[in-house]
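Heads up: the sequence shown is residues 3 to 74, going by our numbering.
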Amino acid sequence: MFRGPRWKIAIYARDHGIPHFHIEGPDFRCSVAIASLELIVGTVPASVLSGALEWAQPNQQLLMQTWQELNG
């Protein structure tokens with residue numbers, strides 16, 4: 003969906019729980035709620051979280067639409 007320098011944002015089909023996206027890198031993975039942009043579970047470096055949320059905030063509608071298409 004979106005890639006940073008050493009991380010990516012992903013949404014997976016048949017996922018569980020509240021609508022969320024994953025931030026994944028070589029040695030970390032976390033889940034972030036789409037509606038609130040709050041960290042749900044996992045670990046992520048602060049600089050990566052900041053960069054991912056900078057992209058996610060203006061793209062929340064796209065994230066939710068993608069979640070609904072894959073998990074609706």
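Glycine is no exception: its CB is placed at the ideal position from the N, C-alpha and C atoms.
CB of residue i within 7 Å of CB of residue j, strictly
i	j	result
V43	S33	yes
L65	I36	yes
Same chain, Cβ closer than 6 Å to residue i, five either side skipped, listed in chain order
i	result
V50	W9
Cα-Cα separation, residue i to residue j
i	j	result
H18	E56	25 Å
I25	I13	9 Å
S52	Q67	22 Å
R5	R16	22 Å
Proximity winner among the options, relative to residue i (alpha-carbon distances)
i	options	result
F30	S38, A15 and A48	A48
Q62	L39, G53 and R5	L39
Nonlocal neighbours in the same chain, by C-beta distance under 7 Å from residue i, ignoring five residues either side
i	result
W69	I13, P21 and I36
Same chain, Cβ closer than 8 Å to residue i, five either side skipped, listed in chain order
i	result
P28	R8
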